[in-house]
Amino acid sequence: MSESPLTRREVLGSLGSLGVLASTGLGSPMQPASPRAADAASRRAELYALLGRLPDRKRPVSGEKLKEEERDGYVLETWRYDLNGLEPVPGYVARPKGLTGKAPGVVFCHSHGGGYKIGKQEFIEGRSYLQPTPYAKALTDLGYVAICIDTWIFGERSHTSELDMFKAMLLKGQVLWGMMVYDSLRAVDVFVQRPDVDASRLATLGMSMGSTAAWYLAALDERMKVCVDINCLTDLDALIEDKGLSRHGIYYYVPDLMNHFTTAQINALIAPRAHLALAGLRDKLTPVAGLDRIDAHLKQVYASMGVPERWQMNRYDVEHQETPEGRQAVLAFLRRFL
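Mind the numbering: the sequence shown is residues 127 to 464 in this note's numbering, read in order.
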């Protein structure tokens, strides 16, 4: 499917009228104080425009349910979605068994970990660096409905290598990370069409690559009332200072990003909505100096908005993994704010 060329000015102008642009966040990239809503919307549009040549944000989305099965305390639905007009997007939806009426919804973003064939299976089967109870079970036990899609190059979409896909998209003016984020945004659009999802109570969470996907999604989409990111709140300046660029896959890198945003500034666009970050003190993907910068910045932002309790960073003496204490913190945070 071809796309008409758009200038960055046209992208910024068109995004201002879209619901995806939220009304809170930072204005000037160097100011931690809370801005006016127009400044936040402008910054969201600026971030979205950096994500490359994307499909039409307003194109219709749809899905076909292929099957459903009962699992341990919940019902698992298997879906095939049309989110981007380029390739089908397989996904799972987990709902509590016996659910009646509407429930809060959670967008679960799967990790990377070199598991290109795994993708959304992480949602129902877990990963070695997560706690034993998969998040499909943990979230439905809380009474939530949750969705997880295979993102580009993962799971049933792992037909092309990460490097080849990055190069192919680059030649078309696309950014692999931008295409991943776009699919997440459109997954929300189709998710909120469900009669059992309370669209006023949405959260997003993920580990590693899924962590970054969660905070990008929450920064761009004000419908996310809660963000939980696990072990991938990476300050890029600190990563460069630590000579750590090779530690992240090439999918992670967005052209021109550092001329516009720091990680702290992107995450400030989530404020004043609730945000929990978990981090490992020995995790090479998130140098501690960068965690310090982000934490200090966001503490100031949330305090300036009068809601300091809605920002929380928990650090554990581990490498790149979710701890038992971290899992309990995640569930408690969701119960409190969602």
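Backbone N, C-alpha and C fix where the C-beta goes; we use that ideal spot for every residue, glycine too.
DSSP on residue i, reduced to helix/strand/coil?
i, result
"P434", "helix"
"K425", "helix"
"F387", "coil"
"Y242", "coil"
"Q319", "coil"
"R253", "coil"
"G199", "coil"
"D324", "strand"
"P230", "strand"
"G370", "coil"
"Q300", "strand"
"V380", "coil"
"F459", "helix"
"G452", "helix"
"G178", "strand"
"Q247", "helix"
"T286", "coil"
"L365", "helix"
"L311", "helix"
"K263", "helix"
"W341", "helix"
"E172", "helix"
With DSSP as the reference, please indicate the residues paired to residue i in a beta bridge.
i, result
"K191", "W205"
"G416", "Beta-bridge pairing links G416 to no other residue."
"H401", "C353 and W437"
"C235", "G332"
"A272", "A220 and V232"
"Y442", "G406"
"V215", "Y207"
Going by the beta-carbon positions, is the gap between residue i and residue j smaller than 8 Å?
i, j, result
"L177", "W278", "no"
"W341", "D355", "yes"
"P434", "Y442", "no"
"P257", "R453", "Checking the sequence, you will find Gln at residue 257 rather than Pro. In this structure, R453 lies closer than 8 Å to Q257 by Cβ."
"L402", "L346", "no"
"G416", "L383", "no"
Let's test the definition: count the other Cβ atoms within 10 Å of the Cβ of residue i and tell me whether it reaches 16, buried, or not, exposed.
i, result
"M127", "Annotation note: pLDDT 36 at M127 (below 50); position unreliable, coordinate value reported separately. That one is exposed."
"L371", "exposed"
"S199", "Correcting the residue identity first, residue 199 is Gly in this sequence and not Ser. So G199 ends up on the exposed side."
"E348", "buried"
"S337", "buried"
Thinking residue i and residue j are a contact (beta carbons under 8 Å), I'd like their distance in whole angstroms, please.
i, j, result
"F280", "Y242", "6 Å"
"N210", "D309", "6 Å"
"V352", "R399", "7 Å"
So does residue i have its beta carbon nearer than 7 Å to some heavy atom of the ligand FMN?
i, result
"Y218", "Here there are no bound small molecules, and the ligand FMN is not part of this structure."
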